[in-house]
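Quick notes on the structure that follows.
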Amino acid sequence: MTRRTEENAGLLFVLSGPSGVGKGAVCRELLAGNPRLRLSVSVTTREPRRGEAEGKSYYFRSRAEFETMVQDGLLLEWAEVYGHFYGTPRLPVQDILAGGGDVLLEIDIQGALKVREALPGCILIFVAPPSEAVVRERLAGRGSETPEVMARRLACLGEEMGFLPRYDYAVVNDTVARAAAQVGAIMSAEHLRASRYRGWRAGNGKRGDTADDERTAP
Ligand code: 5GP
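At position 170 of the sequence shown (counting the first as 1) the number is 169 in the working numbering, and the numbers step up by one without a gap.
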């Protein structure tokens with residue numbers, strides 16, 4: 000039983016930050032602990048890495064196919080990241096939100112700022128690394144990046160950190176569990192914003208449609 004509030008409306012959470020910061024691991028932890036949350040699967044023109052599955056990690060498409068999707072207006076946002084194109088399919092996001100589910104986007108900073116323009120109600124969460132050394136280690140640990148790609152990604156790090164003040168929240172990914180717990184707390188708090196509360200019905204002397212003070216955590 001829930002009160003008549005907008006807690007039940009879906010929210011769009013955008014998790015982004017510098018490459019190599021461990022956003023993917025934080026997302027996996029969040030998704031495992033929150034059945035209401037759905038990950039938006041992006042389209043990309045880059046080659047699949049080992050273990051990545053079509054439709055789960057990404058939709059892997061040619062550059063021509065990607066350009067057609069852009070022209071047809073099928074992407075909510077798209078960006079070129081380190082020489083490859085990445086984009087968020089628009090329809091699945093709209094459908095999940097309309098159905099009351101929360102959507103999680105794990106995208107780069109340019110994309111996050113474009114989503115804010117398109118859908119100002121979205122919640123932007125910046126995931127920051129504890130230090131440059133940690134990013135270096137994480138990128139090296141993947142074993143899939145060439146030295147040139149690694150150098151390029153590290154060179155961008157300082158610039159990317161400069162976008163942090165444009166976000167709603169900042170979380171340091173020192174451990175995945177802690178960062179995911181903090182993002183989870185942000186998600187709960189966003190659902191409980193006073194501006195989303197619709198329980199009060201003036202005139203009947205009651206709050207909401209239940210006698211108790213029950214709330215359903217998102
Ligand atoms: P990777 O190739 O390592 O999976 O991702 C490279 C970067 O692209 C990451 O920062 C990731 O968050 C970002 N990215 C993944 N999907 C999208 C997307 O749909 N849109 C944008 N703008 N960036 C994305």
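Here a beta-carbon is modelled for each residue, glycine too, at the ideal position from N, C-alpha and C.
Item, Value
"Contact under 8 Å by Cβ, Asp107 with Ser39", "no"
"The segment 123 to 138 / the segment 157 to 171 touching (three or more Cβ pairs under 8 Å)", "yes"
"Runs of beta strand (DSSP E) lying entirely within the segment 10 to 74, each at least 3 residues, in chain order", "11 to 15, 36 to 38"
"Cut-off 8 Å between Cβ atoms - residues of its own chain near Leu74, not counting five sequence neighbours on either side", "Val42, Met68, Gly86, Thr87, Pro88, Arg89"
"Distance CB(Gly32)-CB(Glu105) smaller than 8 Å", "no"
"Touch test, the segment 41 to 57 against the segment 145 to 153, Cβ-Cβ under 8 Å, three pairs minimum", "no"
"From Cys26, Gly54, His83, residue whose alpha carbon lies closest to that of Ala179", "Cys26"
"Thr87: CB within 7 Å of a non-hydrogen atom of ligand 1", "yes"
"Cut-off 8 Å between Cβ atoms - residues of its own chain near Glu144, not counting five sequence neighbours on either side", "Leu138, Arg152"
"Distance between Gly202 and Glu51 (C-alpha atoms, nearest Å)", "56 Å"
"Distance cut-off 7 Å: Trp77 Cβ against heavy atoms of ligand 3", "In the structure shown, ligand 3 is absent; the only ligands present are ligand 1."
"Sequence-distant residues of the same chain with beta carbon closer than 6 Å to Ala111, five excluded per side", "Val13, Ser15, Leu123"
"Host alpha helix (DSSP H) of Ala97 (start-end)", "89 to 97"
"Own chain residues within Cβ distance below 7 Å of Ile95, not counting five before or after", "Gly9, Arg37, Val102"
"Nearest-angstrom Cα separation, counted from Ser187 out to Cys121", "14 Å"
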